Amino acid sequence: MHDLACFVAGTECCIAGLEAENVDERTRHVFFEDEADASWKIPTTLLKANRLRTLSLPDGILNQSICNALISNFRYLRSLNLSYSGIERLPHSIGKLKHLRGLYLVGNENIKKLPSSLCRLQNLQTLRLSGSSDLEKLPRKTRMLVSLRYLYIDGCDSLAHMPRGLGQLTCLRTLNEFIVGKRGKDVGELRELTGLNNLKGKIRISSLKNAIPEPGSSYLKEKLNLKHLKLSWSDDDEEDDDASNEKSELVFERLQPHPNLKKLKLSSLKFLRLSGLKALENVSEIEKQKELSSSKSTKFFPSLEELELMNCPNLKGCWRDDVDEASNAQLACFPCLSDLRIESCPINLISMPLYPSVTKLYLKRSSWKQLQQTLKLKMTTSEEPSSSSSSSLFPPFSKLTELRLEEMEDLDSLREEFLQNQTSLQSLSVERCSNLTSMPKGMRFLTSLQELSIWGCPQLWERCQRDIGVDWPNIAHIGNIRIDGRLI
Numbered sequence: 001m002h003d004l005a006c007f008v009a010g011t012e013c014c015i016a017g018l019e020a021e022n023v024d025e026r027t028r029h030v031f032f033e034d035e036a037d038a039s040w041k042i043p044t045t046l047l048k049a050n051r052l053r054t055l056s057l058p059d060g061i062l063n064q065s066i067c068n069a070l071i072s073n074f075r076y077l078r079s080l081n082l083s084y085s086g087i088e089r090l091p092h093s094i095g096k097l098k099h100l101r102g103l104y105l106v107g108n109e110n111i112k113k114l115p116s117s118l119c120r121l122q123n124l125q126t127l128r129l130s131g132s133s134d135l136e137k138l139p140r141k142t143r144m145l146v147s148l149r150y151l152y153i154d155g156c157d158s159l160a161h162m163p164r165g166l167g168q169l170t171c172l173r174t175l176n177e178f179i180v181g182k183r184g185k186d187v188g189e190l191r192e193l194t195g196l197n198n199l200k201g202k203i204r205i206s207s208l209k210n211a212i213p214e215p216g217s218s219y220l221k222e223k224l225n226l227k228h229l230k231l232s233w234s235d236d237d238e239e240d241d242d243a244s245n246e247k248s249e250l251v252f253e254r255l256q257p258h259p260n261l262k263k264l265k266l267s268s269l270k271f272l273r274l275s276g277l278k279a280l281e282n283v284s285e286i287e288k289q290k291e292l293s294s295s296k297s298t299k300f301f302p303s304l305e306e307l308e309l310m311n312c313p314n315l316k317g318c319w320r321d322d323v324d325e326a327s328n329a330q331l332a333c334f335p336c337l338s339d340l341r342i343e344s345c346p347i348n349l350i351s352m353p354l355y356p357s358v359t360k361l362y363l364k365r366s367s368w369k370q371l372q373q374t375l376k377l378k379m380t381t382s383e384e385p386s387s388s389s390s391s392s393l394f395p396p397f398s399k400l401t402e403l404r405l406e407e408m409e410d411l412d413s414l415r416e417e418f419l420q421n422q423t424s425l426q427s428l429s430v431e432r433c434s435n436l437t438s439m440p441k442g443m444r445f446l447t448s449l450q451e452l453s454i455w456g457c458p459q460l461w462e463r464c465q466r467d468i469g470v471d472w473p474n475i476a477h478i479g480n481i482r483i484d485g486r487l488i
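Residue numbering for the sequence shown follows UniProt numbering, starting at 1 and increasing by one per position.
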């Protein structure tokens, strides 16, 4: 297939070696397939092809003067790939490539800033900067890139803020990262997101600790094609106070993601009062206001399929706090949620919905006993005669097919009342739960279980040995059992 493609393309499109022997003045698209080093020089044949439209340079360490010469020589380029080239700066002459539509600078760790001339490229549609870990800021006049549709800045770890005016780039469809910087003259604030309603796919909004919530704002409300959202506050250990907690809550309310959201990840959120979800609920109410007879029928994130909670030690739950406990059991939050991950939410998670559709549950460094107690209370409430919700038809997590428990310090047993409802469970993984002492008789309720993986649970090694272990009769029906990676 490779040879056929080369034959059809003729000399117009070339996959070249470092000497570019097959390139001539008729060539329009060149892709180097070999890795270069600092001694590599521009082949004469390549310089003759000065009407190139596409140039993908070889990986490796390129001499800065070579980079300058290449950009100066090819004024008709539509696509320029300098990824992993090792360059330390982009030449000022980049601004002369007025036809350029795609610029790829992935993995150039030594680039600290981009030339202001880059902002003259009014035809530029794609700018990939992923993995440019030393890049400190985007050009001040980035707003001049009026045709920009795709901006990738993930892995730009030194990037401290977005440029002011970014919100004017209304053609943007992909912005995979938005860093909220501390307020300053050239710093774009969270409100820059408001008008970027063509965004789709996924976005990570980080350093939300710096965000200034503005009354009446709804930064994500109109972004109906945004499917995956990751929100990150702070990774430092600053102490919480009432003012910062209230600000976090207000910022969360102002975001207002569209109900079409499929995946939500919260990271390093130090505080969230349950009313922080009201704004998210209101999005649903506006969309369905003609259908709703009461607020109790409102659903949070009616399309959400994946939810990940990370490093939220003070998160108490996922309920509205304007509804009493009895009503909570009837409220179907996250009705389509199928994948739930909770990591490092240790002991405060005391209010949880029943998650009627969850099939995958991953818990790490969280409180197993607290979760079981919470679900037990919710189950009791939902079974009261007054309950008419469909959630009462199913025990908590009764549709689970995969359960993974990792570093759960308070996990010392798997209770029978939990296991007896897990008739759909197919895969169970327990890792580094050092206090888990046995595989109980309740494991026999898991009639659909096909895989059991135990890792780093020293007290279970002898008890689960085939035929001779004390707990073997309780797990003998499982087809695939691994302990510390070994099949038994």
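For every residue, glycine included, the Cβ atom is placed at its ideal position computed from N, Cα and C. Every value quoted in this text rests on a predicted model; they were computed, and no experiment measured them.
request  = Quick one: residues in its chain with C-beta nearer than 6 angstroms to the C-beta of Gln488, no 5 flanking neighbours on either side, listed in chain order?
outcome  = The sequence shown places Ile at residue 488, not Gln. Arg466 and Ile481, listed in sequence order.
query = Would you call Thr298 buried or exposed, if buried means 16 or more other Cβ atoms sit within 10 Å of its Cβ?
reply = Because Thr298 sits at a pLDDT of 44, beneath the cut-off of 50, its placement in the model cannot be relied upon, and the following sentence gives the value as read from the coordinates. Buried is the call here.
Start-to-end residues for the beta strand (DSSP E) that takes in Gly419 = The question names Gly, yet the displayed sequence has Leu at residue 419. Going by DSSP, Leu419 is part of no beta strand (DSSP E) but of the alpha helix (DSSP H) stretching over Glu416 to Leu419.
ask   = At what residues does the alpha helix (DSSP H) containing Asn73 begin and finish?
value = For Asn73, the enclosing alpha helix (DSSP H) begins and ends at Gln64 to Asn73.
task = Determine the direct distance from the alpha carbon of Asn63 to that of residue 489, and round the result to whole angstroms.
result = Here the chain comprises residues numbered 1 to 488, so residue 489 is not present and cannot be evaluated.
message = Quick check on the burial criterion: 16 or more other C-beta atoms within 10 angstroms. Buried or exposed for Arg486?
response = By the neighbour-count rule (16 or more Cβ atoms within 10 Å), Arg486 is not buried but exposed.
query = Just how far apart, CA to CA, sit Arg463 and Leu411?
reply = Going from the Cα of Arg463 to the Cα of Leu411 covers about 17 angstroms.
ask   = Quick one: what's got a C-beta closer than 6 angstroms to Met144's C-beta in the same chain, skipping five residues either side?
value = Correct list, in chain order: Cys119.
request  = Pick out whichever of Ile475, Cys433 and Glu431 has its Cα sitting closest to the Cα of residue 508.
outcome  = Residue coverage of the chain in this structure runs from 1 to 488, which leaves residue 508 outside it and unanswerable.
key: Nearest candidate by alpha-carbon position, reference Met162, set Tyr150, Cys171 and Arg183   = Checking every option, the nearest Cα to that of Met162 belongs to Arg183.
inquiry  = Please tell me whether Leu460 and Arg404 are closer than 9 angstroms, where the distance is taken between their beta carbons.
reply    = Result no, Cβ atoms of Leu460 and Arg404 do not sit closer than 9 angstroms.
task = Evaluate the contact criterion for the region 243–263 versus the region 200–213: three or more CB pairs, one atom per stretch, below 8 angstroms.
result = Yes, they touch.
key: Opening and closing residue of the alpha helix (DSSP H) in which Leu127 lies   = Leu127 -> not in any alpha helix (DSSP H); beta strand (DSSP E) instead, spanning Thr126 to Arg128.
Arg51 beta carbon less than 9 angstroms from that of Tyr76 = In contact: Tyr76 and Arg51 (Cβ atoms closer than 9 angstroms).
request  = Report the residue from Ile15, Cys171, Asp484 and Thr423 whose alpha carbon sits nearest the alpha carbon of Thr27.
outcome  = Taking each of Ile15, Cys171, Asp484 and Thr423 in turn and checking the Cα distance to Thr27, the smallest one comes out for Ile15.
Integer Cβ distance of Leu129 from Cys156, believed to fall under 8 angstroms = Confirmed, Cβ separation roughly 6 angstroms.
task = Tell me whether the beta-carbon of Pro115 lies closer than 9 angstroms to the beta-carbon of Arg89.
result = Yes. Within cutoff.
message = Do Leu226 and Asn260 count as a contact pair if the criterion is CB distance below 9 angstroms?
response = Contact: yes.
ask   = Among all the DSSP beta bridges, which residues are the ones paired with Thr174?
value = Beta-bridge pairing links Thr174 to Tyr150.
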